[in-house]
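Chemist: Structure below; questions to follow.
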Amino acid sequence: MSITIDKTTGKKVFDTRATKASSKIVGKGYSPVKDKRLTTLPEPPPGAVFNAAEQAKYRDFKEARRGAADYMAMDGEFSKYLEDVYSAAPVPRESLTDDVEIVVVGAGFAGMLLWYKLQKAGFTDVRFCEKGGDVGGTWYWNRYPGIACDVESYSYLPLLEEMDYIPTMKFASGFEIMEYCQKFAKKFNFYERCLFHTTVEETKWDEDDRRWTVHTNRGDAMRARYVILANGILTTPKLAKIQGMGSFAGESFHTSRWNYDTDLTNKRVGIIGTGATAVQVIPEIAKAVKELFVFQRTPSSIDVRDQRETTSEEMSTWQTEPGWARARRARFARISAGRTAMKANDDYLAGKVADFKERKAYDRVLSPEELIEKQLNTNFRIMEQIRARVDAIVDDPKTAASLKPYYPYGCKRPTFHDEYLPTFNKANVTLVDTAPRGVTEISPKGVIHDGIEYALDVLIYATGFQWMATSTFNMITGRNGQTLSSKWKAEGTKTFLGLHSHGFPNLFIISGPQGGGGSFNFTDAIDQHADYVVWMLETLRNNMHTVVDVKKEPEQEYAEHCRIADITSQPLRDCISYYNGHGDAEPGSLAYYGGTRWHKFRTDAQTTLEPYQFN
């Protein structure tokens, strides 16, 4: 039976975790590289300044690509790219039409962290809906060769002490992280709370009953007092709209649905895309394929990774500090600059030294504009080093020129790898520079670019994900019959703390648009959000309230803060990137750029309770 009743609590217990689709779904991340030439950045050129000429070069690079990002709906014949290839068929179960206190959408780290915190606070009538066949979230869907964490795993993986676990590598393999998620779910009895292969299709608020009704693709119509969206920010794959895609006669798949039944050995393989996923994939598959053609529209910034194994000495030293993992994550969160966070000094993170850098003293407070200019010049020198690294490693001058990025550091997602650039020195690897418009035609035989047809056996799409546009937002109907998507379309994105939206009571959005609170470590942000949600639920319980909504005025104030923060820092993101909706997003509508101000908004609200309407 997939659904039983616990005789002690009277609550439903689920056994819907799917079996693994294939024993072939195994892999590793990247190993340490011993060649110091590959793990060291060249010094920046003397006198490197982000002057008018360099700014013009960046501007031309951006404008040439404006409007090139054109993506298609993955339905009809293209819906196959969304199929779950990692699990066997869904476990049969009855549809549920019962009442539950809390429904959480998502079983990645956000959902699992929520469960850990909720049950500690005494909330046990909790149910999770997950569209995949197992826990893991992004680590469930992304299992491509070479996958690894881009943030040091000692700070990224939550509850390491509670799990009595230390990652084997500084940047853990995605396969290791997936196993960690499974161990986490077993240890804290998460599996029995979760409905797998269950996609939430519609969520409606009933004002009279003060309940949400959650409809799923399994015929469920569950009634919940609270709904928490914990389904991530990069979960829905996207495909570039390319003429002739459906005609390709070979095998093809998206990197987030990696087909391990397809043997790439001695095959002619093409990969479209050179973002964060492709940077990890390309070095691995280049070792096996006969020929690899990499189709690149925009190069990524390839920084040093300097991977290493975790030593037994480190393990024993770290564990002498009480609360070592949480302390390390807190120290990591203090680092505000992205590259500094990724390259953070181990002595600082381990608590051996008080700070991660020497602080420069200023005789006055710098204005926001001065701070932006200072950061732009720093970022320019970093990018000069990254471009110099390309020249130092890649043998062919033409290929090297194509691999150089011209945009502010961090404007597009930074990547870190020590084997990516050397891969282009291999005889079986060809970079096809499709700048600035990208691949525009696919034939039955392969990819056509500039009149040349590249014959392929396998075509891999590394074309990324929708950013903060998960379909859940289009399925939620709040008060007065208004959907969340229609509200944001009419008014612009409006939230309070990224967690509430006026007119949608008892709904919490984890890591959604305008959601601050974290560092460059994503699990830090979801940890902050989960703490807030649990605090709010405790506040409701302690004051015998059952409904909370945010008032219109504080929501408007917060949204305006997000807009101004985005505009002020916009020069740091002056490129075409999913961070800014490929140049089309309204300021303040996506990611949060207000820094530590989020924490002030939060603590002020928690102290006064003024922003909230309780029943």
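Those letters in the sequence shown? Residues 90 to 704, by our numbering. Glycine included, each C-beta is placed from N, C-alpha and C at the ideal position. Fair warning: this is a prediction, and the values are worked out from it, not measured in the lab.
1) Quick one: residues in its chain with C-beta nearer than 8 Å to the C-beta of G321, no 5 flanking neighbours on either side, listed in chain order?
2) Buried or exposed: where does E447 fall if 16 or more other Cβ atoms within 10 Å of its Cβ makes it buried?
3) Could you pull the start and end residues of the beta strand (DSSP E) that Q474 belongs to?
4) Let me check understanding here. Comparing Cα to Cα, which of L573, D253, V192 and F217 lies closest to G412?
5) Output the distance between the C-alpha atoms of Y701 and T523, rounded to the nearest integer angstrom.
6) Below 8 Å, can you find three or more Cβ-Cβ pairs linking the region 381 to 390 to the region 524 to 536?
7) Classify K109 as helix, strand or coil using the three-state DSSP reduction.
8) For the beta strand (DSSP E) that H304 lies in, which residues bound it at each end?
9) To the nearest angstrom, how far is it from the Cα of R418 to the Cα of T692?
10) Going along the chain, which residues of its own chain have a beta-carbon closer than 7 Å to the beta-carbon of P181, five neighbours each way excluded?
11) If we ignore side chains and look at the alpha-carbon of each, how far apart do D392 and C270 end up?
12) Measuring only the C-alpha atoms, how far is G235 from Y119?
13) Leaving out five residues on either side along the sequence, give the residues of the same chain with a beta carbon under 6 Å from the beta carbon of A477.
14) Go through the region 176 to 226 residue by residue and report every complete run of the beta strand (DSSP E) that reaches 3 residues or more, in order.
15) Counting only runs of 4+ residues fully inside the region 516 to 589, write out the alpha helix (DSSP H) ranges in chain order.
16) Alpha carbons only, please: which of F273, I191, Y245 and D452 is nearest the one belonging to F260?
17) Curious, which full-length beta strand (DSSP E) runs of at least 3 residues does the region 99 to 146 contain?
18) Taking just the CA atoms, how far does T186 sit from V224?
19) Does the structure place the region 147 to 163 close enough to the region 531 to 541 that three or more beta carbon pairs sit under 8 Å?
20) Is it the case that the Cβ atoms of K67 and N517 are separated by a distance below 8 Å?
21) Alpha helix (DSSP H) containing D616: first to last residue?
22) Tell me where the beta strand (DSSP E) around Y701 begins and ends.
23) Buried or exposed: which applies to T354, given that a residue is buried once 16 or more other Cβ atoms fall within 10 Å of its Cβ?
24) Taking buried to mean at least 16 other C-beta atoms within 10 Å of its own C-beta, is L698 buried or exposed?
25) Which term fits T696, buried or exposed, when burial requires 16 or more other beta carbons within 10 angstroms of its beta carbon?
26) With a cut-off of 8 Å, do at least 3 Cβ pairs link the region 163 to 173 to the region 490 to 506?
27) Kindly identify the DSSP beta-bridge partner or partners of V383.
28) Assuming A551 and G333 make a contact with CB atoms under 8 Å, what is their CB distance in whole Å?
29) Apart from the five residues on each side of it in sequence, which residues of its chain come closer than 6 Å, Cβ to Cβ, to P594?
30) Where do the N-terminal and C-terminal ends of the alpha helix (DSSP H) with S401 fall, by residue?
31) Going along the chain, which residues of its own chain have a beta-carbon closer than 7 Å to the beta-carbon of E410, five neighbours each way excluded?
32) What does a CB cutoff of less than 7 Å around W407 pick up in its chain, not counting 5 residues either side in sequence?
33) So for A162, helix, strand or coil by DSSP?
34) Secondary structure at E340, three-state DSSP: helix, strand or coil?
35) Comparing C-alpha positions only, which one of G605, S341 and R312 sits nearest to H688?
36) Restricting to runs no shorter than 4 residues, where is the alpha helix (DSSP H) found entirely within the region 219 to 290?
Modeler: Taking the coordinates as given:
1) Mapped onto the sequence shown, residue 321 falls at position 232. Spatial neighbours of G321 in its own chain (CB-CB distance under 8 Å, excluding positions within 5 residues in sequence) are listed in chain order as G195, G197, A199, G226, T227, T559 and S600.
2) Here residue 447 refers to the residue found at position 358 of the sequence shown. Looking at its Cβ environment, which holds fewer than 16 other Cβ atoms inside 10 Å, E447 is exposed.
3) In the sequence shown, residue 474 corresponds to position 385, counting from 1. Not the beta strand (DSSP E): Q474 falls in the alpha helix (DSSP H), residues P457 to I482.
4) Sequence index remark: in the sequence shown, residue 412 carries index 323 (1-based). Just measuring C-alpha positions, the residue of L573, D253, V192 and F217 sitting nearest G412 is D253.
5) Start at 1 with the first residue of the sequence shown, and residue 701 comes out as number 612. Start at 1 with the first residue of the sequence shown, and residue 523 comes out as number 434. Straight-line Cα distance between these residues: approximately 51 Å.
6) Here the region 381 to 390 makes contact with the region 524 to 536; the two share three or more CB pairs at distances below 8 Å.
7) Here residue 109 is taken as the residue at index 20 of the sequence shown, counted from 1. When secondary structure is reduced to three states using DSSP, K109 falls in the strand class.
8) On the sequence shown, residue 304 is found 215 positions in, with the first residue counted as 1. For H304, the enclosing beta strand (DSSP E) starts and ends at R300 to T305.
9) Position 329 of the sequence shown, counting from 1, holds the residue named residue 418. Position 603 of the sequence shown, counting from 1, holds the residue named residue 692. Taking the straight line joining both Cα atoms gives about 20 Å.
10) Locating residue 181 in the sequence shown gives position 92, counting from the first residue. Within the same chain, S91 come within 7 Å of P181 by CB-CB distance, once the 5 residues on both sides are set aside.
11) Here residue 392 refers to the residue found at position 303 of the sequence shown. Here residue 270 refers to the residue found at position 181 of the sequence shown. Answer to the nearest angstrom: the Cα atoms are 28 Å apart.
12) As a first step, residue 235 must be located in the sequence shown, where it is residue number 146. As a first step, residue 119 must be located in the sequence shown, where it is residue number 30. If you draw a straight line from the Cα of G235 to the Cα of Y119, it is about 6 Å long.
13) Stepping through the sequence shown from its first residue, residue 477 is reached at position 388. Within the same chain, A477 has close Cβ partners P131.
14) You should have 188 to 194 and 215 to 218.
15) The DSSP assignment places 573 to 580 as complete runs of the alpha helix (DSSP H) inside the region 516 to 589, in order along the chain (cut-off: 4 residues).
16) What you label residue 260 is simply residue 171 of the sequence shown in a count that begins at 1. Ranking F273, I191, Y245 and D452 by Cα distance to F260 puts Y245 first.
17) Those beta strand (DSSP E) runs which fall completely within the region 99 to 146 and span 3+ residues are 101 to 103.
18) In the sequence shown, the residue the question calls residue 224 occupies position 135. In the sequence shown, the residue the question calls residue 186 occupies position 97. Using only the alpha carbons, I get a separation of about 23 Å.
19) No, the region 531 to 541 does not touch the region 147 to 163.
20) The shown model of the chain, from 90 to 704, leaves out residue 67, and the question about it has no answer.
21) Reading the sequence shown from its first residue, position 527 is the one you call residue 616. In the DSSP annotation of this structure, the continuous segment of the alpha helix (DSSP H) that includes D616 starts and ends at F611 to N631.
22) Residue numbering aside, residue 701 sits at position 612 when the sequence shown is read from its first letter. First-last of the beta strand (DSSP E) with Y701: Y701 to F703.
23) Position 265 of the sequence shown holds residue 354. Around the Cβ of T354, a 10 Å sphere holds fewer than 16 other Cβ atoms; the residue is exposed.
24) To locate residue 698, count along the sequence shown from 1; it is residue 609. Only exposed fits L698, as fewer than 16 other CB atoms lie within 10 angstroms of its CB.
25) Within the sequence shown, numbered from 1, the residue matching residue 696 stands at position 607. Per the 10 Å Cβ criterion, exposed.
26) Short answer: they don't touch.
27) Here residue 383 corresponds to residue number 294 of the sequence shown, with the count starting at 1. DSSP lists I360 and L520 as the beta-bridge partner residues of V383.
28) Start at 1 with the first residue of the sequence shown, and residue 551 comes out as number 462. Start at 1 with the first residue of the sequence shown, and residue 333 comes out as number 244. Not a contact, Cβ separation roughly 19 Å.
29) On the sequence shown, residue 594 is found 505 positions in, with the first residue counted as 1. Closer than 6 Å at the Cβ level, and outside the excluded window around P594, lie V636 and D638.
30) Against the sequence shown, residue 401 aligns to sequence position 312. Secondary structure note for S401: its alpha helix (DSSP H) is the uninterrupted segment S401 to W407.
31) Numbered from 1 along the sequence shown, position 321 holds the residue referred to as residue 410. Closer than 7 Å at the Cβ level, and outside the excluded window around E410, lie A416 and G440.
32) Residue mapping note: residue 407 aligns to position 318 of the sequence shown, counting from 1. The beta carbon of W407 is closer than 7 Å to those of W413 and A439 in its chain, skipping five residues each way along the sequence.
33) Here residue 162 refers to the residue found at position 73 of the sequence shown. Of the three classes helix, strand and coil, the one that applies to A162 here is coil, per DSSP.
34) Working through the sequence shown from its first residue, we reach residue 340 at position 251. DSSP places E340 in strand when its eight states are reduced to three.
35) For the purposes of this step, residue 688 is identified with residue 599 of the sequence shown, where counting begins at 1. Cα-wise, what sits closest to H688 is G605.
36) Complete alpha helix (DSSP H) runs here, min 4: 227 to 230, 242 to 245, 249 to 252 and 263 to 276.
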